[in-house]
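Oh and the sequence shown: position 46 is 378 in our numbering, straight run, nothing missing. The next block holds one structure in the form of structure tokens; read it before the comments.
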Amino acid sequence: MLASILLEAAGSLAVPVIKKILADKLGGMAGDLVGGVIDAVAEKAGVSPDKLPDLPQPELEKAIVAAEPIAADLLAQHVESQRLMNETLAAEMDKNGPLWTWAWRPFGMWLFLALTAHYGVIVPLLNAVLTSPLVLVLDIPTFVTLFITYTGLYMGGHTAKAAVEKWRAK
């Protein structure tokens, strides 16, 4: 509601940044950015954001024009934040290092998926069908120990590393 009122007022003025931000809001994007713009307009108008619809049109337009530079800064910060997020995701997906530094994780996941299917489904099914039971390469307690160790390294390695570093810092 408030965004539509501001969008309508900004549409008749030469404030393209505010108009774009508010139009994106009505499209469902960048909620924090829109909140910042609305707060900036309200600050320039000298009222709280919920009082903006009650302002006379000339005062609202004056506040929108005054808030345009702030809106441009907010948009630049938002774009920079998105750029940094994209770089972080790209770095996470970058596998330029040696094979052993990253391949152990997917290899381990597929290996333990296959072993779990083998020990939990295939062997019991074949033992039920065949007259002589199959011998397992690993007994179940050893398999569970290996699985828990792998899962602990995979999921808790950085947590343990951070805990040790915190403990050493004391």
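We put the CB at the ideal spot given by N, CA and C, even for glycine.
Classify residue i: buried if its beta carbon has 16 or more other beta carbons within 10 angstroms, exposed otherwise.
i	result
I370	buried
L468	exposed
V366	buried
L392	buried
L387	buried
L329	No answer is possible for residue 329: it lies beyond the span of the chain, which begins at 333 and ends at 502.
Using 8 Å for Cβ pairs, my map puts residue i next to residue j. What's the rounded Cβ distance?
i	j	result
G378	L406	About 19 Å; that fails the 8 Å criterion.
A408	K376	Contact doesn't hold; Cβ gap of about 18 Å is too wide.
F475	L447	6 Å
Here's a check: name, in chain order, each residue in its chain whose Cβ is nearer than 6 Å to the Cβ of residue i, leaving out the five neighbours to either side.
i	result
V453	none
F444	F479
H410	L365
Rounded to whole angstroms, what's the CA-CA distance from residue i to residue j? Just pull it up for me.
i	j	result
W499	T481	22 Å
A423	L431	16 Å
T463	H450	18 Å
V373	I396	5 Å
V496	G489	11 Å
K493	Y486	12 Å
N418	G429	20 Å
M441	S380	54 Å
T483	L466	27 Å
G360	T420	Note that G360 has pLDDT 46, beneath the 50 cutoff, so the model's placement of it is unreliable and the number below is only indicative. Cα to Cα, G360 sits roughly 25 Å from T420.
K502	F439	37 Å
I472	P456	12 Å
K394	T491	53 Å
Q414	D382	29 Å
L416	L470	47 Å
E412	T477	46 Å
Less than 8 Å between C-beta atoms, sequence neighbours within five positions excluded: which residues of the same chain meet that for residue i?
i	result
A460	none
> Within the chosen definition, does the region 433 to 447 reach the region 402 to 412 through at least 3 CB pairs nearer than 8 Å?
Replying inline: no
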